[in-house]
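Structure first, commentary second.
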Amino acid sequence: MKAIAIVDANNFYVSCERLFNPRLRDQATVVLSNNDGCIVSRSNEAKEMKISMGVPLFQVSKIIEQNGVHVLSSNYELYGDMSHRMMEVLETCSPEVERYSIDEAFISLEADDSQGVEELGRAIRAKIHRHVGIPVSIGIAATKTLAKVAGHHAKVLPGLDGVFDLTPASIQVPVLRNTPVEEVWGIGWRWARKLKTAGILTAFDLREARESWIRSNMSIVGLRLARELRGIPCHTLNTCPVPRRAINSTRSFGQMVDSKDELKAAVASFVARAAEKLRREKMVAGAITVFVRTNKFHEDEEQFSGSVTLQLAPMTCITNEIQEIAFKALDSLFRQGLRYKKAGVMLTGLVPANLIPQPLWEAEKSERLRAVMGKVDRLNQRFGRETVQCGQFHSEGKWRMKLDSRSPRYTTRWDELLKVVC
DNA sequence: TCTGGGGTCCTAGGACCC
DNA sequence: TCTGGGGTCCTAGGACCC
7 MKAIAIVDAN
17 NFYVSCERLF
27 NPRLRDQATV
37 VLSNNDGCIV
47 SRSNEAKEMK
57 ISMGVPLFQV
67 SKIIEQNGVH
77 VLSSNYELYG
87 DMSHRMMEVL
97 ETCSPEVERY
107 SIDEAFISLE
117 ADDSQGVEEL
127 GRAIRAKIHR
137 HVGIPVSIGI
147 AATKTLAKVA
157 GHHAKVLPGL
167 DGVFDLTPAS
177 IQVPVLRNTP
187 VEEVWGIGWR
197 WARKLKTAGI
207 LTAFDLREAR
217 ESWIRSNMSI
227 VGLRLARELR
237 GIPCHTLNTC
247 PVPRRAINST
257 RSFGQMVDSK
267 DELKAAVASF
277 VARAAEKLRR
287 EKMVAGAITV
297 FVRTNKFHED
307 EEQFSGSVTL
317 QLAPMTCITN
327 EIQEIAFKAL
337 DSLFRQGLRY
347 KKAGVMLTGL
357 VPANLIPQPL
367 WEAEKSERLR
377 AVMGKVDRLN
387 QRFGRETVQC
397 GQFHSEGKWR
407 MKLDSRSPRY
417 TTRWDELLKV
427 VC
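So for the first sequence, our numbering puts the first residue at 7; every next one is plus one.
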């Protein structure tokens, strides 16, 4: 029998921090988003204190102080590296691995005479724990959506020890009846609200709902979802990474920004980051969107949110060339007298760099520029982001984000290696 | 005072063409 | 200048995910 499994790391960011700081084990710990704004990962102890996912830090500061919860800024370099290690182990366990997010992968499992899918799942869980040290939950079923349901149960039901096999037909109905509809993968709060009004309260109700109703209220997306709950696969495994369609770089500012120069500096830095990603993927972009917005939480201030898209012709991956167009977009977007909280850029129309024709007379120039960019990227990779900067920059500025309590990047920086003191 | 970032997919509507 | 259906392409916006 062949099945799909979802392998999902438990409290991933907190688990990564605990690997290198064992004092955090058994202690309530949370990890924050960029700018130290929101809670994005919680240990089980923190979850028990009713600290919700995604809440702003200041709203739970009382709980955190009263209980001595450990609070860490996010350390994406560390989490990215641990994620990579986990995926490498998975690739030794299954011929088909889809890296779904930083802490999750879908894999195929094939049972044989000696081992059922559940035993396979348990072996994988043990191997990841042994080689990487991160605890995972594994849900197994015939479709991705059912596997996610199984994975959720594997995580929260203590008796299952982290692995739940939902392939036996006999248990599917009771399990789906016990799954609130808002916990189904693909159902967000808006659809959940709509479904509840229509009397669809559980995953089972959604599975049994009329297809015509689903189609007209939730589009083809909802229809696929309902079929997946019935065991009809609509989402296959994507084992080779699909080419990216867009690259973003956006940030909320540490403090509000009102000057155009400072906004320009922020946009220049976002373009630099996005262009670096673009070159790493060996692609060029055909268009750039720049957006700015005020602080939507300050309801008493004048609000503005706008974006401008401009073509990049010829297509390019050169930071300075993209910055030039981005500044034009910003010029037409900027309004004096507003206080901005967030800005960003999005590169779209991405094409592999080797597929676009180069005009002969441009070839030499673009070759030279690309070589320069390559050197800049290598220097920044080696000595840290923004060691070498392109175009206009203020290295400091109100827009820079806060990261007050980041742990060392133990596995990717020589000077931040874990020190053992005897 | 403080409120994340980076993605994907789908649909509706407008512009344009035949 | 208006009439109309059908097709494509593009963009904005909405919904979702982690």
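We treat Cβ as the ideally placed atom computed from N, Cα and C, and that holds for glycine.
Residue state for residue 154 is assigned as helix, using DSSP reduced to three classes.
Nearest to residue 176 by C-alpha distance, out of 358, 291, 20 and 147, is 147.
Contact between residue 394 and residue 328 is absent: CB atoms are separated by about 16 Å, not below the 8 Å threshold. Burial is judged here by how many other beta carbons sit within 10 angstroms of a residue's own beta carbon; residue 390 has fewer than 16 and is exposed. Residue 308 sits in coil when the DSSP states are folded into three classes, being neither helix nor strand. In this structure, DSSP gives residue 410 a state outside helix and strand, which the three-state scheme calls coil. Taking C-beta atoms as the reference points, residue 300 and residue 352 fail to come closer than 7 Å. Beta-bridge partners of residue 171 (DSSP): 146. For residue 379, the three-state secondary structure derived from DSSP is helix. One Cα belongs to residue 161, the other to residue 170, and the distance between them is close to 9 Å. Taking C-beta separations shorter than 8 Å and ignoring five residues to either side along the sequence, the partners of residue 96 in its chain run 13, 103, 111, 113, 130 and 134, following chain order. Secondary structure of residue 117 (DSSP, three-state): coil. The region 215 to 228 and the region 257 to 264 do not touch, with fewer than 3 CB-CB distances between them shorter than 8 Å. Per DSSP, residue 298 lies in no alpha helix (DSSP H); the unbroken beta strand (DSSP E) holding it starts and ends at 289 to 300. Here the region 254 to 261 makes contact with the region 341 to 360; the two share three or more CB pairs at distances below 8 Å. With a cutoff of 7 Å on beta-carbon distance, residue 331 and residue 344 are scored as not near each other. Three or more Cβ pairs drawn from the region 45 to 53 and the region 14 to 32 lie within less than 8 Å of each other, which places the two stretches in contact. In the DSSP assignment, residue 352 falls within the unbroken beta strand (DSSP E) covering 346 to 354.
Annotated three-state conformation of residue 35 is strand, per DSSP.
The continuous alpha helix (DSSP H) containing residue 82 extends over residues 82 to 97. As DSSP reads the structure, residue 8 sits in a beta bridge with 116.
Contact between residue 83 and residue 415 holds, with the beta-carbon distance rounding to 4 Å and staying under 8 Å. For the set 270, 427, 306 and 368, the Cα lying nearest the Cα of residue 406 is the one of 270. Note on geometry: alpha-carbon atoms of residue 141 and residue 203 lie some 38 Å from one another.
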